[in-house]
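**Student:** I'd like to ask some things about the structure below.
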Amino acid sequence: MTYYTTCNHDPYAKDDSATVSYNSSVVINVLANDSDPDCDPLKVCQVTDPAHGSVTLNADGTITYTPDPDYYGSDTFYYQISDGHGGYDWATVTINVEEPELDGIVEGTAGDDLIDVAYTGDPQGDMVDNNDAILPGQVGDDDIILAGDGNDTVYAGAGNDSVDGGEGNDLLYGEGGSDTINGDAGNDTIWGDGNTSDGPVVDPVSQTVDWGDFQDDCGKLTDQTVDLGDTKVTFDFTSQDYGATAKFVTSTQYVAPGETFDSHSALELYGCGGEGGIDPTSTTTLSFASDNPDYTGEVQNVSFRINDIDRSDSCDDHVDVVTLSALDADGNPVDITITPSGNQTVTDNGDGTYTITAGDQDTGYLGSDDAIGSVLVEIADPTAKITIAYANGGDTDQKITVTDIQCETVPVYDGTGEPGDDSLDGGLGDDVIYGQQGNDTLAGREGNDDLYGGEGDDYLSGGEGDDTLHGGDGNDTLDAGQDGDTLYGDAGDDRLLGGPREDLLDGGDGNDTVIGGNAADSIIGGAGNDYAEGNDGNDLIDTGDGTFAPDRGYPGVFAGDTDPNNDLDTVYGGAGNDTISTGDDRDFIDGGTGDDSIDAGCDDDTVIGGDGNDYIIGAEGSDSIDAGAGDDTVYGGLSPIYPDALNIPDSIDLVPDNGMDTIYGGDGNDVIFGEDDDDWISGGNDNDTLDGGIDDDTLMGDAGDDSLLGGDGSDSLDGGTGSDTLLGGTGEDYAYGGDDRDFFFVDAPENGTGDTLDGGEGGDDWDTLDLRGAGPLRVDSYMTDPTTYAGTVSFLDGDGNVTGTLEFSNMEQIIPCFTPGTLVATPKGEVPVELLCEGDKVLTRDNGIQEIRWAGRADMTREQLAHAPHLKPVLIKAGSLGNDLPERDMLVSPNHRMLVANDKTALYFEEHEVLVAAKHLVANEGVSTVETLGTSYLHFMFDRHEVVLANGAWTESFQPGDQTLGGMGNAQRQEIFELFPDLQTAKGRADYQAARKTLKRHEAAVLLRG
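Under full-length UniProt numbering, read the sequence shown as residues 1 to 1010, first letter to last.
Okay, structure coming up:
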């Protein structure tokens, strides 16, 4: 028998290589180039792990290689093959992981990303500031960052970056370069240059000050420094008492649930008792520093507990008192939050220190593990030094304990790149945007946004929502947007634009331009030479800087303005009822249409009221005011809320030229007050009232029925056309009535002495000089034409001496002082009619002395007479009735009847004496109807109709007829009926017969004509 044997040969594994893309996987068929001499089928039986990735042996004998995330470069692994008959071999697989094919965009995830120079989460490996800009228009460190969804924090770093925060509440820092940042949806906070210079170079590190790390000397801690790794802390202890100590203890400490303080590690501060008051204080100071250039040396988010703060009022008397303070690296106080667990009192001393005093209920020996004696101390902001001062107000020794102190390091910010001109877009949501340095563009878009331009000439746009815009330094432009916004220009020459809603626009310092929108805006110019426009709406505009510094000053009160050109404002109110004030320096104000209220402030301002019923105050300074159309009220000087004593006559005024106003009323019924100094006032069209005030004023009524009051000083009054009323006031005045029916009124001798009055000619010319109220006087007149008088009025004292004179000309009517004042003959002599009353005796023509049964009075104002011209009084001049009667001028009601007795009456009417109504005598020379400011009609009545003697002429008493009783007031009529009951009937009234025949109008005309 023959046997054959075979020899199995080992397989041959050949080395392989493969290339894989960045952050991708590759499947390698390693068996494809392996062989077996015996043609046995081969399989992979082992695979080693590569250094920079992972491998998976697949069922088909292939191997999948996956590089580690973000790794690129060379990698190697090994595999073993088997022929199934005990034959094996190894081979090497070399992998080339390609460098990433960057797309030039740094992309975040859907989570809360921190994207900065260390961020490696981009799928293609793009990084911030990697000098890898590849897209057109980009160079170097110019990045495109898409943060994506989530509450992301982005530090764009150097270069001109484009950042999109995506959805979520993002915190975005542009840092160096001119960046474009869009917050997108969410409530975002955007910094154009980066908060506190730029992004942190490292993350904060938690640190703990463990008192066990400090060395002691016989149980007492001494001054020393401990290195915590990234922070060094120096301990310093001082005391005013030798017995006070500081030492490390391991007694149990109170720690609240959730806190991580060491409950068996503390600093014990021990103080000796004294006698009365607060015992000497020990002071413990902790100072922080760092040798690591990535940290500032300060610490933040500091927290610790102070335990065993208690008191006792027994024999072991004590009251624990702890005072805390914290300072930053510049020595500025840092806020401390203190939360008592017991009844301690915490006092903010206002100087950066805080005092903790044991409460009334924190009594006894509470111990360091008792919550009642514990307070939690927290300091959030960067801190370089913490001081703990301990004392007590009792006689016995006492102690407190301080737990270990937990805190974080404060990273240094990299400060990369120079600040640029950023474009920052808040997008949706309520955003906070900081432009910082550079000429930035900030857009709030939708939501209630807060925009801060910072340094540079910035453009801020609020967009939709109720936004707040701060321009900061530089010459900024702020656009309110669509809703009710608040704009602050801050420093610089800013431009503020209101929107369609009610905005607050505050230009701040600088020469600002502030333009309101279409609603009722509040506009504040602030310091500087500002330009403001209210536009539509009832706007409130104040462009003053809050100072009162008149250019001229006032000796002994205030000096003149040292800079008279630093608040020169220009204001246009626009449409609407605006309220405007401009404050200091020479301003220009145009109220526009609407009923405006304007206060021009001090110095020489120009004011245009425009259309509407305006209220204008020129205030201090010699102002030029054009009130415009409408029924305006103008004060050339100070507001009427100030006392008249501030209006000083030129004779004693130390600055007589700080109120010389020029005022034009324009169309409408204006009321104008010149007030202090020599004013020029023109009423313009319509019925104006002009009051010159003190000093030498010029008043011109122009067209319309005007009232002119010169006031104190030597004034010039010109009524112009229309029926004007002129009153010169004190001083030597010149008053000219102009055309039409003018009324000159002298109400006191001192208001007429030295005056020259000219009624003027032209138009419906009938001028009246009313001397009622001027006291005793004498009128010496002569006629310059058939209807016009000129002459002199002499004012008399009680003895008949002349105290002053008044010259008049072109007067058609003179009303002397006689109503009231008509003299009625009585047994005791002549008595003024206004002094007669019921029971007085009067001489009558027919029946001798008769007793007055009733006396009445009817007062008529100028307005009433204007509405009832048939009731205007009739003036019967002295001598006009013949035989030098009456002896004095007398003023009577138009229906009052005078006795006429002559041959004509007997010839024409078969009566020697007849009664003629005053209104029917007007055609007679010397008898006329007069214009007056008002009059009083006085009546008295007897048992029968009588003829009495008044001013030397016979005239009637009151006769109650149907018309006279019907025209009375009800009270007077009822009074007469009570005295004369028969007058309530027609027969009774008929029985009260007239004392003489009464002529009718045509009969009186025959008598006068004959």
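Don't be surprised by glycine CBs; every beta carbon is placed ideally from N, CA and C. Keep in mind it's a predicted model, so treat the numbers as computed, not measured.
Between Ile144 and Val154, which are expected to be in contact by the criterion C-beta below 8 Å, what is the C-beta distance as a whole number of angstroms?
**Tutor:** About 12 Å; that fails the 8 Å criterion.
**Student:** Which two residues bound the contiguous beta strand (DSSP E) that contains Arg778?
**Tutor:** It spans 777 to 785 - the beta strand (DSSP E) in which Arg778 sits, taken as one unbroken run.
**Student:** Tell me, please, which residues DSSP counts as bridged to Ala878.
**Tutor:** According to DSSP, Ala878 bridges with nothing at all.
**Student:** Could you pull out every unbroken beta strand (DSSP E) segment of at least 3 residues lying fully inside the stretch 673 to 755, listed in chain order?
**Tutor:** If we require 3 residues or more, the beta strand (DSSP E) runs fully inside the stretch 673 to 755 come out as 680 to 682, 689 to 691, 698 to 700, 707 to 709, 716 to 718, 725 to 727, 734 to 736, 743 to 745.
**Student:** What distance in whole Å lies between the Cβ atoms of Arg862 and His920, which are believed to be in contact at a cut-off of 8 Å?
**Tutor:** That pair is no contact at about 25 Å.
**Student:** What residue from Asp599, Pro123, Thr109 has the CA that sits closest to Asn151's CA?
**Tutor:** That would be Thr109, whose Cα lies nearest to the Cα of Asn151.
**Student:** Closer than 7 Å by C-beta to Glu99: which residues in its own chain qualify, once you throw out the five before and the five after it? Chain order, please.
**Tutor:** Answer for Glu99: Tyr22, Tyr72, listed in chain order.
**Student:** Can the beta-carbon of Thr465 be found closer than 7 Å to that of Asp483?
**Tutor:** Reading the sequence as shown, one finds Gly at residue 465 and not Thr. In contact: Gly465 and Asp483 (Cβ atoms closer than 7 Å).
**Student:** Between the stretch 453 to 469 and the stretch 223 to 236, do at least 3 Cβ pairs fall closer than 8 Å?
**Tutor:** Flag = no, the stretch 453 to 469 and the stretch 223 to 236 do not touch.
**Student:** Going by the DSSP bridge assignment, what does His896 pair with across the sheet?
**Tutor:** Paired residues: none, contrary to the question.
**Student:** Within 10 Å of its beta-carbon, does Leu835 have 16 or more other beta-carbons around it, so buried, or fewer, so exposed?
**Tutor:** So Leu835 counts as exposed.
**Student:** Going by the beta-carbon positions, is the gap between Trp766 and Glu807 smaller than 7 Å?
**Tutor:** Not closer than 7 Å, so no.
**Student:** Quick one, which of Thr787, Ala774, Gly791, Leu771 has its alpha-carbon nearest Asp780's?
**Tutor:** Among Thr787, Ala774, Gly791, Leu771, the Cα nearest to that of Asp780 belongs to Gly791.
**Student:** Nearest CA to the CA of Thr730: which residue from Gly720, Val746, Asp724?
**Tutor:** The option with the nearest alpha carbon to Thr730 is Val746.
**Student:** Using the rule of at least 16 other Cβ atoms within 10 Å of the residue's Cβ for burial, across every protein chain shown, is Val802 buried or exposed?
**Tutor:** Exposed is the call here.
**Student:** Can you tell me the Cα-Cα spacing of Leu505 and Asp539, whole angstroms?
**Tutor:** Answer to the nearest angstrom: the Cα atoms are 11 Å apart.
**Student:** Just the C-alpha distance for Glu911 and Asp718, rounded to the nearest angstrom, thanks.
**Tutor:** Near 52 Å, if we compare the C-alpha coordinates of Asp718 and Glu911.
**Student:** Leu487 to Asp603, Cα distance in whole Å?
**Tutor:** Whole-angstrom Cα-Cα distance: 29 Å.
**Student:** Starting from the Cα of Thr562, find the closest Cα among Leu568, Ala619, Pro41, Arg552 and give me that residue.
**Tutor:** Of Leu568, Ala619, Pro41, Arg552, the residue nearest in Cα terms is Arg552.
**Student:** Return the first residue and the last residue of the alpha helix (DSSP H) that Thr905 is part of.
**Tutor:** That run of the alpha helix (DSSP H) goes 903 to 909.
**Student:** Quick one: Cα of Ser24 to Cα of Val47, how far?
**Tutor:** Those two C-alpha atoms are separated by around 20 Å.
**Student:** Give me the residue from Leu881, Thr768, Met898 with the minimum Cα distance to Thr929.
**Tutor:** If we check each option's Cα against that of Thr929, Thr768 comes out closest.
**Student:** For Arg1009, which three-state DSSP category applies?
**Tutor:** Residue state, collapsed to three classes: helix.
**Student:** How many Å lie between Gly926 and Gly668 at the Cα?
**Tutor:** Gly926 and Gly668: Cα-Cα distance of roughly 38 Å.
**Student:** Are the beta-carbon atoms belonging to Gly463 and Gly489 less than 7 Å from one another?
**Tutor:** Against a cut-off of 7 Å, the Cβ pair of Gly489 and Gly463 comes out as no contact.
**Student:** Within this structure, are the beta carbons of Gly453 and Gly471 separated by less than 7 Å?
**Tutor:** Contact flag set, yes.
**Student:** Grab me the residues of Tyr459's own chain with a C-beta within less than 6 Å of its C-beta, minus the 5 sequence neighbours each way, in chain order.
**Tutor:** Answer for Tyr459: Thr441, Thr477, listed in chain order.
**Student:** Just to confirm my understanding: we take Pro656, look at its own chain, exclude 5 residues before and 5 after, and list those with CB closer than 7 Å. What are they?
**Tutor:** The residues are Asp650, Asp677.
**Student:** With distances taken Cα to Cα, identify the nearest neighbour of Tyr354 among Gly618, Ala326, Gly573.
**Tutor:** Closest option to Tyr354, Cα to Cα, is Ala326.
**Student:** Can you tell me which of the three DSSP states Asn33 falls into?
**Tutor:** Of the three classes helix, strand and coil, the one that applies to Asn33 here is helix, per DSSP.
**Student:** My guess is that Asp661 and Ile617 are in contact by the Cβ rule of under 8 Å, so how many angstroms apart are they, rounded?
**Tutor:** Contact flag wrong, Cβ pair sits at about 11 Å.
**Student:** Using the C-alpha atoms, what's the distance from Ser251 back to His264?
**Tutor:** Each residue's alpha carbon lies about 5 Å from the other.
**Student:** Are there 16 or more other CB atoms within 10 angstroms of the CB of Arg311, so buried, or fewer, so exposed?
**Tutor:** It is buried - the Cβ of Arg311 has at least 16 other Cβ atoms within 10 Å.
**Student:** According to DSSP, is Phe977 helix, strand or coil?
**Tutor:** Helix, per DSSP.
**Student:** Quick one: grab the DSSP three-state call for His85.
**Tutor:** Note: His85 maps to coil in three-state DSSP.
**Student:** Going by beta-carbon coordinates alone, are Gly574 and Glu533 separated by less than 7 Å?
**Tutor:** Contact: yes.
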